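Remarks on the structure that follows.
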Amino acid sequence: MDPIEEKLRGLGLVLPSPPSPGGNYVPHRINGNTLILAGVICVLEGNVTHTGQVGREQTVETGAAAARVCALNTLAAIKGALGRLDRVQEFLYLGGYVNAVADFGQSPQVINGASDLFVQLYGDAGKHARAAVAVAGLPRNATVEIQATVRFA
55 MDPIEEKLRG LGLVLPSPPS PGGNYVPHRI NGNTLILAGV ICVLEGNVTH
105 TGQVGREQTV ETGAAAARVC ALNTLAAIKG ALGRLDRVQE FLYLGGYVNA
155 VADFGQSPQV INGASDLFVQ LYGDAGKHAR AAVAVAGLPR NATVEIQATV
205 RFA
């Protein structure tokens, strides 16, 4: 079994099915040994797990939980593209978008919900360059969306 999936199970987490595109785009592109993933929102089994804005309907903590769901979807997309999670050599970049009220300044703490999971699973290879941006809205009123780029073997 894939050792990354074993770590997931050890954390009590289950890899969902890979997310389907919500529009006219592809779920990923491969350029050499770089996998560029489309953005994913906090959806499990077709249902958005966290809706609304951080600072109104959601807290920083529930936003971080939404980001963790996004990370699971990202991992599912990686497995869908590469066949195995252990092919990832390093996470290069993570773009994080937080549906938040005006003047919200804690986007980094929310996106840590995704970043922390990648580091738990991959160690130093899970560390990445990152943006964590507050936005006025996201598809399906999701609380968080992330987009990742990884290097693989």
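The opening residue of the sequence shown carries number 55 in this note's numbering; numbering runs sequentially from there.
C-beta atoms are modelled at their ideal positions from N, C-alpha and C, and glycine is treated no differently.
It should be emphasised that the depicted structure is a prediction, and the values quoted were computed from it without experimental measurement.
According to DSSP, is residue i helix, strand or coil?
| i | result |
| --- | --- |
| residue 68 | coil |
| residue 156 | coil |
| residue 123 | helix |
| residue 80 | coil |
| residue 116 | helix |
| residue 60 | helix |
| residue 103 | coil |
| residue 134 | helix |
Beta-carbon separation of residue i and residue j under 7 Å?
| i | j | result |
| --- | --- | --- |
| residue 196 | residue 96 | yes |
| residue 150 | residue 186 | yes |
| residue 70 | residue 130 | yes |
| residue 206 | residue 91 | no |
| residue 121 | residue 173 | no |
| residue 202 | residue 171 | no |
| residue 140 | residue 57 | yes |
| residue 142 | residue 80 | no |
| residue 145 | residue 191 | no |
| residue 155 | residue 110 | yes |
Per DSSP, residue i forms a beta bridge with which residues?
| i | result |
| --- | --- |
| residue 85 | 88 |
| residue 205 | 88 and 144 |
| residue 111 | Partner(s): none; residue 111 has no beta bridge. |
| residue 200 | 94 and 150 |
What distance in whole Å lies between the Cβ atoms of residue j and residue i, which are believed to be in contact at a cut-off of 8 Å?
| i | j | result |
| --- | --- | --- |
| residue 72 | residue 134 | 3 Å |
| residue 123 | residue 105 | With 8 Å as the limit, residue 123 and residue 105 do not qualify as a contact, their Cβ atoms being about 12 Å apart. |
| residue 164 | residue 100 | The Cβ separation is near 23 Å, so there is no contact. |
| residue 152 | residue 94 | Not quite, the Cβ-Cβ distance comes to about 14 Å (not below 8 Å), so this is no contact. |
| residue 147 | residue 183 | 5 Å |
| residue 67 | residue 132 | With 8 Å as the limit, residue 67 and residue 132 do not qualify as a contact, their Cβ atoms being about 14 Å apart. |
| residue 200 | residue 128 | 6 Å |
Report task. May I have a chain-ordered list of the beta strand (DSSP E) segments no shorter than 3 residues that lie completely inside the region 147-196? Result -> Complete beta strand (DSSP E) runs here, min 3: 183-189.
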